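Single-structure report; data block below.
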Amino acid sequence: MNLMTWITLVLSMSALLAIILNRFHLLIILLSLETLMMSLIIHSIILAYFKSSFFILSLVLLSMSACEASVGLAMLVMIIRAQGSDNMKVLSMQKL
């Protein structure tokens, strides 16, 4: 394994750890998901260097990341307008 593969692995694990540790704040979860997606995109670009078939995978991951970011931001704005906070503990399905 080369250095870039290890860096993407560390980025992925740190993003997953941040999601687990900060599971009650939606903004931190969304930022961690973006970090996770960026590390997956970097990893797929590294794989595309060796095999050209992985280039399409990186484009699909990039488009999925953009869609996830826009939906997450819209959801965050809606929750903050309704609740006044992004704390997941105060949310319930009856209030939304």
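At position 89 of the sequence shown (counting the first as 1) the number is 89 in full-length UniProt numbering, and the numbers step up by one without a gap. Here a beta-carbon is modelled for each residue, glycine too, at the ideal position from N, C-alpha and C. Quantities reported herein were computed from a predicted structural model and do not represent experimental measurements.
What residue does the alpha helix (DSSP H) around residue i start on, and which one ends it?
{"i": "G72", "result": "54–83"}
{"i": "M43", "result": "The question names Met, but residue 43 is His in the sequence shown. Where H43 is concerned, the enclosing alpha helix (DSSP H) stretches over 26–50."}
{"i": "M88", "result": "Segment: none, M88 is in no alpha helix (DSSP H) and carries neither H nor E."}
With distance defined between alpha-carbon atoms, name the residue in the options nearest to residue i.
{"i": "I20", "options": "L36, K51, G72", "result": "L36"}
{"i": "N2", "options": "S14, H25, F50", "result": "F50"}
{"i": "residue 104", "options": "I46, L17, F24, V60", "result": "Residue 104 is absent from the model: the chain starts at 1 and stops at 96."}
Measure the beta-carbon distance from residue i to residue j and round it to whole angstroms, keeping in mind my assumption that it falls under 8 Å.
{"i": "L26", "j": "L76", "result": "6 Å"}
Cβ of residue i within 8 Å of any heavy atom in the ligand GTP?
{"i": "I19", "result": "Looking at this structure, you won't find the ligand GTP or any other ligand, since it has none at all."}
For a quick check, are the C-beta atoms of residue i and residue j less than 9 Å apart?
{"i": "L62", "j": "I79", "result": "no"}
{"i": "L33", "j": "A15", "result": "yes"}
{"i": "F54", "j": "S44", "result": "yes"}
{"i": "M88", "j": "F24", "result": "yes"}
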